[in-house]
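**Q** Note that numbering that gives the first Met the number 0 gives residue 193 to position 194 of the sequence shown, counting from 1, and the numbers run on in steps of one. All C-beta atoms, glycine included, are put in the ideal place defined by N, C-alpha and C.
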Amino acid sequence: MAVLVTGGTGYIGSHTCVEFIQKGQELVILDNLCNSKAEVVDHIETLTGIRPRFYKADLLDIDAVKKVFDENDIDTVIHFAGLKAVGESVAKPLEYYTNNIVGTLNLLSEMRKHNCFNLIFSSSATVYGKPKTVPIKEDFELTTTNPYGTTKLYIEQILKDLCVSDNRFSVVLLRYFNPIGAHESGLLGDNPNGIPNNLMPYVTRVAKGILPHLNVFGNDYDTPDGTGVRDYIHVLDLASGHYAALKALSERGVHIYNLGTGNGYSVLDIINAFERVNDVKIPYQIAERRPGDIAECYADASKAEFELGWKAIRSLDDMCASAWNFEKNL
Ligand SMILES: NC(=O)c1ccc[n+]([C@@H]2O[C@H](COP(=O)([O-])OP(=O)(O)OC[C@H]3O[C@@H](n4cnc5c(N)ncnc54)[C@H](O)[C@@H]3O)[C@@H](O)[C@H]2O)c1
0 MAVLVTGGTG YIGSHTCVEF IQKGQELVIL DNLCNSKAEV VDHIETLTGI
50 RPRFYKADLL DIDAVKKVFD ENDIDTVIHF AGLKAVGESV AKPLEYYTNN
100 IVGTLNLLSE MRKHNCFNLI FSSSATVYGK PKTVPIKEDF ELTTTNPYGT
150 TKLYIEQILK DLCVSDNRFS VVLLRYFNPI GAHESGLLGD NPNGIPNNLM
200 PYVTRVAKGI LPHLNVFGND YDTPDGTGVR DYIHVLDLAS GHYAALKALS
250 ERGVHIYNLG TGNGYSVLDI INAFERVNDV KIPYQIAERR PGDIAECYAD
300 ASKAEFELGW KAIRSLDDMC ASAWNFEKNL
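(1) For Asp-299, which residues of its own chain have a beta-carbon under 7 Å away from its beta-carbon, when the five flanking residues on both sides are left out?
(2) Under the three-state reduction of DSSP, which class applies to Cys-296: helix, strand or coil?
(3) Looking at the strands, I want to know which residues DSSP matches up with Arg-229.
(4) Please confirm whether any heavy atom of ligand 1 lies closer than 7 Å to the CB of Lys-91.
(5) DSSP state of Asp-165, grouped into three classes?
(6) Between Gly-252 and the rest of its own chain, which residues show a CB-CB distance below 6 Å, the 5 nearest in sequence each way excluded?
(7) With DSSP collapsed to three states, give me the class of Ser-121.
(8) Apart from the five residues just before and just after His-241, which ones in its own chain have a Cβ nearer than 8 Å to its Cβ?
(9) At a cut-off of 7 Å, would you count Ile-61 as near ligand 1, judging by its Cβ distance to the nearest heavy atom?
(10) Give the DSSP bridge partners of Val-76, in chain order.
(11) Closest to Ala-124 by CA distance: which of Ala-244, Glu-109 and Glu-140 is it?
(12) I'd like to confirm something about Thr-5: is its beta-carbon nearer than 7 Å to some heavy atom of ligand 1, or not?
(13) Hey, is Pro-134 close to ligand 1, as in C-beta under 7 Å from one of its heavy atoms?
(14) Beta carbon of Gly-102: closer than 7 Å to some heavy atom of ligand 1?
(15) Entirely within the region 76-113 and at least 4 residues each: give me those alpha helix (DSSP H) ranges in chain order.
(16) Quick one: Cα of Val-2 to Cα of Val-40, how far?
(17) Which partner residues does Pro-178 have in the DSSP bridge list?
(18) Would you call the region 221-238 in contact with the region 84-98, where contact means no fewer than 3 C-beta pairs closer than 8 Å?
(19) Using the Cβ count rule (16 or more neighbours within 10 Å means buried), how would you classify Asp-268?
(20) Assign Glu-38 to buried or exposed, taking buried as 16 or more other Cβ atoms, counted over all protein chains shown, within 10 Å of its Cβ.
(21) My guess is that Phe-325 and Gly-185 are in contact by the Cβ rule of under 8 Å, so how many angstroms apart are they, rounded?
(22) Pull up the DSSP beta-bridge partners for Val-170, would you.
(23) Would the beta-carbon of Val-234 fall within 8 Å of that of Ile-179?
(24) What three-state label does DSSP hand Lys-55 in the structure shown?
(25) Going by DSSP, name the residue or residues bridged to Gln-284.
(26) In this structure, what does DSSP give as the bridge partners for Leu-141?
(27) Could you tell me whether the region 145-153 touches the region 80-89, where touching means 3 or more Cβ pairs closer than 8 Å?
(28) Look up Ile-194 in the DSSP assignment and say whether it is helix, strand or coil.
(29) Is it right to say Ile-285 is buried, meaning 16 or more other beta carbons lie within 10 angstroms of its own, or is it exposed?
(30) Which value, in whole angstroms, describes the spacing of the CA atoms of Leu-58 and Asn-98?
(31) In or out: Ile-43 buried (at least 16 other Cβ within 10 Å) or exposed?
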């Protein structure tokens, strides 16, 4: 029996593949490489000694998805594949709804046809919109501020409806907070195509001199230093969270977990930690707030600890050091 990892050559997917292979799990990867590179499969092999079967395929191509299920004995899917840039989703909503939602519908219909009923889905803290309080618990009100977030919210609803209609399905919705950091080998990390949307790959490119400076969007938020506060989690802790989530699949229905550390760090905290740990300078400028951004967002991750026995263990210094190690290796 194999686990299918959609988006498995991407940032979080690749680290999760390493975690699962090291735990002895057989894997199959499907990715269309729109935001990752085929050489990631080589790196996964280097790190684990095992080369997962790789299909360069698009979830929008239902025949290609069918082929993956026909050729492999898949009992569980971890579904990372999707477009994830908030700003781009505002400019290209149709592309985001089509890619993320139609891609998921194709995946689900092939899963059901092939008697595969276990799914772990990459959701996001963005489904909490502008939370009224922090830390955020799983039962908080859900709302979104951009099309990317809405694709996550709609997919969560589709999965809930599916589980009501068909009690063979077990679904885990993992709401990630802000993954940063990289594998300690320097072989895997966050290497998006084009200008990065997220903070850390932007910081590392500024550190390397590829980008001139970092824009800090707003310094007048109601936070200790005025810059936005987020819950940064090491990508390796996130990867182990997926392995822990397998436990929840043994019970039918939908299970929802926040994956975060429960600690909030500001943008200036990240810049300062990165400079101190890596002994580099990050020139930055204060820029206008971005529409839709919120002051503070961090998790109450106690449900995952209590029910899955999972807890993030890596420090902010580890996150900064590993991210820079990866960027220097590129
Ligand atoms: N990185 C974050 O900050 C973050 C936070 C919360 C949730 N998430 C979600 O986690 C998942 C993984 O994120 P990531 O940071 O690893 O992103 P990523 O872009 O590195 O990985 C996503 C992968 O999916 C592939 N892909 C996209 N559309 C596809 C399609 N139609 N068919 C096949 N492959 C396709 C891309 O080529 C890429 O390799 C995404 O669903 C994302 O929305 C990410």
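**A** So, from the data block:
(1) The residues Pro-134, Ile-135, Lys-136, Asn-257 and Gly-261, in chain order, have a CB closer than 7 Å to that of Asp-299 in the same chain once the five nearest residues on each side in sequence are set aside.
(2) Looking at Cys-296 - three-state DSSP - the assignment turns out to be strand.
(3) Tyr-264 and Cys-296
(4) No; taking the cut-off as 7 Å, the Cβ of Lys-91 has no heavy atom of ligand 1 nearer than that.
(5) If DSSP states are grouped into helix, strand and coil, Asp-165 belongs with coil.
(6) These residues qualify, in order along the chain: Cys-162.
(7) Reduced to three states, the DSSP call for Ser-121 is strand.
(8) Thr-15, Glu-18, Phe-19, Ile-77, Ile-119 and Leu-173.
(9) no
(10) Leu-3 and Leu-118
(11) Glu-140
(12) yes
(13) Checking every heavy atom of ligand 1 against the Cβ of Pro-134, none is found closer than 7 Å.
(14) Gly-102 has its Cβ nearer than 7 Å to a heavy atom of ligand 1.
(15) Runs of the alpha helix (DSSP H) spanning 4 or more residues and lying entirely within the region 76-113 occur at 85-90, 92-95 and 102-112, in chain order.
(16) 16 Å
(17) Within the DSSP secondary-structure output, Pro-178 pairs in a beta bridge with Ile-232.
(18) no
(19) buried
(20) exposed
(21) 5 Å
(22) Leu-118 and Val-253
(23) yes
(24) strand
(25) According to DSSP, which records beta bridges pairwise, Gln-284 is partnered with Asn-214.
(26) None, per the DSSP bridge assignment.
(27) yes
(28) The answer is coil: DSSP assigns Ile-194 none of H, G, I, E or B.
(29) exposed
(30) Rounded to whole angstroms, Leu-58 to Asn-98 spans 8 Å at the Cα level.
(31) buried
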